[in-house]
Amino acid sequence: MFRFETKEAFVPSAAHYNHILWLGKTECGKQAMIRPGKTKRRVFFCAVCMPICVVVASLTVLFVLFTHTPGNYRPVQASGSEEVSTYLTHELATGFHNGIDACEPFEIIVRQDKLNQLIVDGTSLGWSWPITLHSITFHAPVIQITPTDLTLMGKVDLGIPIIVTLVGRPRLTDKGFLELNLEKVKAGAVNITGLARNIGGSIMAAEVANLAQDQWLKDLSDAFIHNAPYDPVFPVPPYEVYIRLTRVESYDQRMILRFEPAGKMK
Numbered sequence: 083m084f085r086f087e088t089k090e091a092f093v094p095s096a097a098h099y100n101h102i103l104w105l106g107k108t109e110c111g112k113q114a115m116i117r118p119g120k121t122k123r124r125v126f127f128c129a130v131c132m133p134i135c136v137v138v139a140s141l142t143v144l145f146v147l148f149t150h151t152p153g154n155y156r157p158v159q160a161s162g163s164e165e166v167s168t169y170l171t172h173e174l175a176t177g178f179h180n181g182i183d184a185c186e187p188f189e190i191i192v193r194q195d196k197l198n199q200l201i202v203d204g205t206s207l208g209w210s211w212p213i214t215l216h217s218i219t220f221h222a223p224v225i226q227i228t229p230t231d232l233t234l235m236g237k238v239d240l241g242i243p244i245i246v247t248l249v250g251r252p253r254l255t256d257k258g259f260l261e262l263n264l265e266k267v268k269a270g271a272v273n274i275t276g277l278a279r280n281i282g283g284s285i286m287a288a289e290v291a292n293l294a295q296d297q298w299l300k301d302l303s304d305a306f307i308h309n310a311p312y313d314p315v316f317p318v319p320p321y322e323v324y325i326r327l328t329r330v331e332s333y334d335q336r337m338i339l340r341f342e343p344a345g346k347m348k
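In my numbering, the protein residues as written are 83 to 348.
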C-alpha cells in the first residue's frame with residue numbers, strides 16, 4: 083500500500099522578503115555602475131574604431147579594384163628572335179612602298195596577332211621593353227581590334243603592377259578629319275579617364291615641345307587630350323612624301339587602312 087505524507091507548505095517570512103529586495107537593489111546597483119562604462123566603450127568604438135574599419139575596408143576594395151586584371155588581357159610573349167619581323171618587311175613595308183611608288187591610293191591590312199607580336203618583340207621597331215617615360219614604366223602591351231573599338235592594354239608599374247586599358251573609337255568625319263574618340267581609360271577596374279587625360283596630356287605636351295617641326299604629333303596630342311579632330315596627314319621620310327588616311331574599316335582582329343598621296347615633303 084502506498085502511503086502519502088503531506089508536508090507543511092512553506093510560507094516566506096518577512097526576512098525572506100527583505101533579503102530578496104536587498105539582492106534586487108544590489109543587482110540594479112551593479113547594472114547602474116556597469117552601464118556608463120559600456121556606453122563609453124560603445125562611443126569610443128563608434129568614434130574611432132568604426133572609421134578606421136571603414137577606411138581599411140575602403141582601401142582594401144580600392145586595392146582590389148586597381149590591381150584587377152581584365153579577363154581579356156592576354157599579353158603576347160616575346161619571340162626572343164633578333165631577326166627583323168617578316169610581317170614588317172613583307173607586308174607592311176612592302177604595302178607602303180608599292181603604294182607610294184605608284185602614286186595611287188592603296189590599302190594596308192593591319193592584323194591584330196601579327197601587330198602585337200611586332201610591337202612586343204620591339205627589335206624591328208628599334209626599341210625594347212619596358213619603356214620608362216617621366217618615371218612611368220610601361221610594358222606588356224596588347225592591342226585589340228573589334229568592329230567598334232580599338233583597345234590598348236598594358237602594365238604600368240607604380241610600385242605594384244596595374245593593368246591600364248585605353249578604349250577608343252577612331253573614325254573619319256565627313257570632312258575627312260580623324261577623331262580618336264578616346265572613350266575611357268581604366269586602371270584595373272577603376273575609370274580614370276579624366277586623370278589619365280591630365281597626366282598623359284602633360285607627358286605628351288613635354289615630348290611634343292621638343293619636336294616643333296612635327297605638326298602631326300601636336301595634332302595627335304590634341305586628339306588624345308581633347309578628342310580634337312585633325313587632318314590625318316603623315317610624313318614618310320624615306321620617300322620624302324606625305325600620305326593621308328582616307329578610310330578606316332574595323333573588323334574582328336583586323337583593320338583596313340586606306341591612304342592616298344598628299345604631296346612631297348619640303
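Cβ coordinates follow ideal geometry from the N, Cα and C atoms, glycine included.
Taking only the alpha-carbon atoms, compute the straight-line gap between residue i and residue j and give it to the nearest angstrom.
i	j	result
S206	L174	12 Å
T357	I242	Shown here, the chain extends from 83 to 348; a query on residue 357 therefore has no answer.
P349	W211	Since the first residue of the chain shown is 83 and the last is 348, residue 349 is not available in this structure.
K237	V158	12 Å
R329	T247	25 Å
A344	I325	5 Å
R336	K348	34 Å
L339	D183	17 Å
K268	W209	26 Å
D231	F316	22 Å
F306	D334	24 Å
I190	T168	15 Å
V249	N273	11 Å
G153	C185	44 Å
L240	T275	18 Å
N309	I245	23 Å
D313	E342	13 Å
K257	L327	12 Å
R193	S217	32 Å
I281	P319	30 Å
H172	G181	14 Å
V166	F259	34 Å
G111	V146	Here G111 scores only 45 on pLDDT, less than 50, and its place in the model should not be relied on; the value that follows carries that caveat. C-alpha separation (whole angstroms): 50 Å.
Assuming residue i contacts residue j under a Cβ cut-off of 8 Å, what Cβ separation, rounded to an integer in Å, is found between them?
i	j	result
S332	T228	7 Å
P252	E261	7 Å
F148	G270	4 Å
E322	K346	6 Å
Q199	S163	Wrong, their Cβ atoms sit about 10 Å apart, outside the cutoff.
I201	P187	Going by Cβ atoms, the distance from I201 to P187 rounds to 26 Å, so no, they are not a contact pair.
L197	I225	6 Å
Just to confirm the assignment, what range does the beta strand (DSSP E) spanning residue i have?
i	result
P343	336-346
G236	232-239
I325	323-333
Taking the DSSP output, what are the residues bridged to residue i?
i	result
Y312	L260
V267	L248
I227	L232
R253	E261
P317	Y324
P359	The question about residue 359 has no answer here: the residues shown for the chain are numbered 83 through 348.
Ignoring anything shorter than 3 residues, give me the beta strand (DSSP E) runs that lie fully in the stretch 185-222, in order along the chain. Fully contained in the stretch 185-222 are the following beta strand (DSSP E) runs of length 3 or more, in chain order: 188-193, 213-215.
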